[in-house]
Amino acid sequence: MDGAGIDPFLQDVLTGLARDQKSIPSRWLYDARGSRLFDDITELDEYYPTRTELTILNEQAAAMADAIGPEAVIVEYGAGSLLKVRILLDALERPKAFVPVDISSEHLKEAAHELKSAYGELEVYPVAADFMDTNLGSNLPGGGGRRAGFFPGSTMGNLLDRDIDSFLRTTREDLGEGACFIIGLDQPKSPDILVPAYDDAKGVTAEFNLNLLRRINRELDGNFDLESFKHEARWNDAVSRIEMHLRSLKAQTVEVAGQTFKFEKGETIHTENSRKIALDRFAEMAESAGWELTRKWTDENGLFAVVLLEAR
């Protein structure tokens with residue numbers, strides 16, 4: 010099928026469902042409902058990344074703000090609910106502007122409005138876009154101090170090596186000379202900790218994953234029977250990542266936008282990866298894309314790290 014001119018969501022779904030290992034990019038998990046469900050996930054007992062990173066940010070915000078400097082322009086990629094950036098904004102000296110970038114326009118608009126109300130003098134310029142495909146460049150606000158990227162959470166681990174390289178190169182171009190970049194990185198650890206974090210006892214992560222099928226039904230004229238699919242989180246030791254799948258509970262046929270796709274019993278749709286990238290490996294990747302890892306902050310158990318990159 011010629012993909013010219015069709016909806017990117019539709020294109021990704023049709024292409025992904027036609028593969029031998031069916032897969033859909035994780036960015037499509039985040040419609041407005043998916044974004045709210047992910048916010049719920051971050052508060053679960055099993056989901057250690059958010060609370061661990063929040064501890065690091067609260068303890069080290071002053072050091073991060075000192076590294077960034079006064080009157081900064083902050084660009085948050087994959088911004089979500091904009092809760093973590095408030096810790097950084099509170100510590101910064103007279104931040105000039107904030108540019109949140111997120112694929113869920115409805116969720117972003119609401120979150121940006123709330124943040125603007127809380128920081129009346131801060132210029133806020135929300136950008137509704139996929140952070141992987143956006144080249145902000147000259148569209149960023151001028152003036153002020155240095156530009157600083159902000160990419161908290163464990164989203165970096167959702168990306169393949171080639172995507173990380175592309176993202177780091179694009180953001181290096183976006184932010185320009187003299188810029189810096191603060192990034193969250195989930196660290197390698199036992200699957201006994203990882204698997205429950207992506208398959209919680211309350212079933213919130215399962216609902217988050219299955220919501221993708223609801224979105225396909227609603228937006229792409231799909232007819233997925235959600236009762237016939239089950240959320241699955243699995244550890245892939247060979248590539249050091251948690252994978253999320255939607256497993257078909259029976260042999261069935263599904264239609265999306267008039268096209269038919271067959272599922273065998275037990276066949277899955279691969280919806281997300283969450284890779285755990287060691288700091289030395291990430292430093293090498295950053296350097297090849299024009300950045301230098303100059304500082305790192307971790308929790309006492311080494312579960313999570315926040316790093317500072319400087320433009321080279």
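The numbering used here applies: residue 10 is where the sequence shown begins, and numbers increase by one.
Beta carbons: idealized from backbone N, C-alpha and C, even for Gly.
On a predicted model such as this, the values are computed, not experimentally measured, just so you know.
- Buried versus exposed call for S257 [16 or more other C-beta atoms within 10 Å across all chains shown]: Mapped onto the sequence shown, residue 257 falls at position 248. So S257 counts as buried.
- Message: Helix, strand or coil for A282? Go by DSSP, reduced to three states.
- Response: As a position in the sequence shown, residue 282 is number 273, starting the count at 1. The amino acid at residue 282 is misidentified as Ala; the sequence shows Asn. If DSSP states are grouped into helix, strand and coil, N282 belongs with the strands.
- Task: Would you kindly report the start and end of the unbroken beta strand (DSSP E) that includes N1?
- Result: The structure shown does not extend to residue 1, since the chain spans only 10 to 321, so no value can be given for it.
- Quick one: what does DSSP say K125 is sitting in, helix, strand or coil? Residue mapping note: residue 125 aligns to position 116 of the sequence shown, counting from 1. If DSSP states are grouped into helix, strand and coil, K125 belongs with the helices.
- Does DSSP classify R42 as helix, strand or coil? Reading the sequence shown from its first residue, position 33 is the one you call residue 42. Helix.
- Item | Reduced DSSP category for R28 - H, G, I as helix; E, B as strand; rest coil | Here residue 28 is taken as the residue at index 19 of the sequence shown, counted from 1. R28: coil per DSSP, three-state reduction.
- Message: Taking the alpha-carbon of Y56 as reference, which of A295, G162, E276 and A188 has the nearest alpha-carbon?
- Response: For this step, residue 56 is matched to residue 47 along the sequence shown. Residue G162 is the option with its Cα nearest to Y56.
- Message: Check for me: the alpha helix (DSSP H) holding R95 runs from which residue to which?
- Response: As a working note, residue 95 is residue 86 in the sequence shown. Run containing R95: K93 to A100, per the alpha helix (DSSP H) assignment.
- CA-to-CA distance, L221 to G12, given in whole angstroms: Along the sequence shown, one-based indexing puts residue 12 at 3. Along the sequence shown, one-based indexing puts residue 221 at 212. Since pLDDT at G12 reaches only 46, below the 50 mark, its modelled position is unreliable, and no value is offered.
- Message: Closer than 8 Å is the cut-off here; do at least three beta carbon pairs connect the segment 72-89 with the segment 97-117?
- Response: yes
- Kindly list the residues whose CB is nearer than 8 Å to the CB of L288, restricted to its own chain and excluding five residues on each side of it in sequence; keep chain order. For the purposes of this step, residue 288 is taken as the residue at position 279 of the sequence shown. Once the five neighbours on either side are set aside, the close Cβ partners of L288 are L194, Q196, L302, K305, A314 and V316.
- Message: Among T179, A188 and G89, whose alpha-carbon lies nearest the alpha-carbon of A76?
- Response: Within the sequence shown, numbered from 1, the residue matching residue 76 stands at position 67. Nearest C-alpha to A76: A188.
- L233 vs V213 beta-carbon contact at 7 Å: On the sequence shown, position 224 is the one that residue 233 refers to. On the sequence shown, position 204 is the one that residue 213 refers to. The residue you asked about is not Leu; residue 233 is Phe in the sequence shown. Not a contact, by the Cβ cut-off of 7 Å.
- Bridge-paired residues (DSSP) for V248: Along the sequence shown, read from residue 1 onward, the residue named residue 248 stands at position 239. Answer by DSSP bridge pairing: none, since V248 is not bridged.
- Item | T269, enclosing beta strand (DSSP E) - first and last residue | Numbered from 1 along the sequence shown, position 260 holds the residue referred to as residue 269. From DSSP, the beta strand (DSSP E) with T269 extends over Q268 to F272.
- Message: Taking the beta strand (DSSP E) that P109 belongs to, which residues open and close that run?
- Response: Locating residue 109 in the sequence shown gives position 100, where the first residue counts as 1. Where P109 is concerned, the enclosing beta strand (DSSP E) stretches over A106 to D111.
- Message: With H, G and I counted as helix, E and B as strand and the rest as coil, what does DSSP make of M141?
- Response: Start at 1 with the first residue of the sequence shown, and residue 141 comes out as number 132. DSSP places M141 in coil when its eight states are reduced to three.
- For R155, the nearest candidate out of T179, D183 and S249 (CA to CA): Counted from its first residue, the sequence shown places residue 155 at position 146. Nearest of T179, D183 and S249 to R155, Cα basis: D183.
- State yes or no: is the C-beta of K271 within less than 7 Å of the C-beta of S249? Mapped onto the sequence shown, residue 271 falls at position 262. Mapped onto the sequence shown, residue 249 falls at position 240. Contact flag unset, no.
- CB V94 to CB A138, shorter than 7 Å? As a position in the sequence shown, residue 94 is number 85, starting the count at 1. As a position in the sequence shown, residue 138 is number 129, starting the count at 1. Not in contact: V94 and A138 (Cβ atoms no closer than 7 Å).
- Quick one: Cα of A72 to Cα of D142, how far? To locate residue 72, count along the sequence shown from 1; it is residue 63. To locate residue 142, count along the sequence shown from 1; it is residue 133. Rounded to whole angstroms, A72 to D142 spans 31 Å at the Cα level.
- Who are the near neighbours of N148 in its chain, counting only those whose CB is closer than 6 Å to its CB and skipping five residues on each side? Against the sequence shown, residue 148 aligns to sequence position 139. Cβ within range, chain order: n/a, list empty.
- Please determine if the segment 40-59 and the segment 126-138 are in contact, where contact requires at least 3 C-beta pairs separated by less than 8 Å. no
- Message: Restricting to Cα atoms, I'd like to know which of P79, E123 and I225 is closest to L92.
- Response: Working through the sequence shown from its first residue, we reach residue 92 at position 83. Ranking the options by Cα distance to L92, first place goes to E123.
- Task: Could you name the residues that DSSP lists as bridge partners for T277?
- Result: For the purposes of this step, residue 277 is taken as the residue at position 268 of the sequence shown. According to DSSP, which records beta bridges pairwise, T277 is partnered with R256.
- Compute every distance between the C-beta of S199 and the non-hydrogen atoms of the ligand SAM, then say whether any falls below 6 Å. This structure lacks the ligand SAM, and indeed carries no ligand of any kind.
- Query: Leaving out five residues before and five after G25 in sequence, what residues of the same chain have Cβ atoms less than 8 Å from its Cβ?
  - Reply: Mapped onto the sequence shown, residue 25 falls at position 16. Closer than 8 Å at Cβ, skipping near neighbours: K31, S32, I33, P34 and I278.
- Message: Short of 8 Å in beta carbon distance, which residues of its chain neighbour L219, apart from the five on each side in sequence? Order them along the chain.
- Response: Counting from one through the sequence shown, the residue named residue 219 turns up at place 210. So the list reads L235, F238, H240 and L255, once near-sequence residues are dropped.
- State the start and end residues of the unbroken alpha helix (DSSP H) segment that holds R224. The count along the sequence shown starts at 1 and reaches residue 224 at position 215. V213 to E228 is the span of the alpha helix (DSSP H), which, as asked, contains R224.
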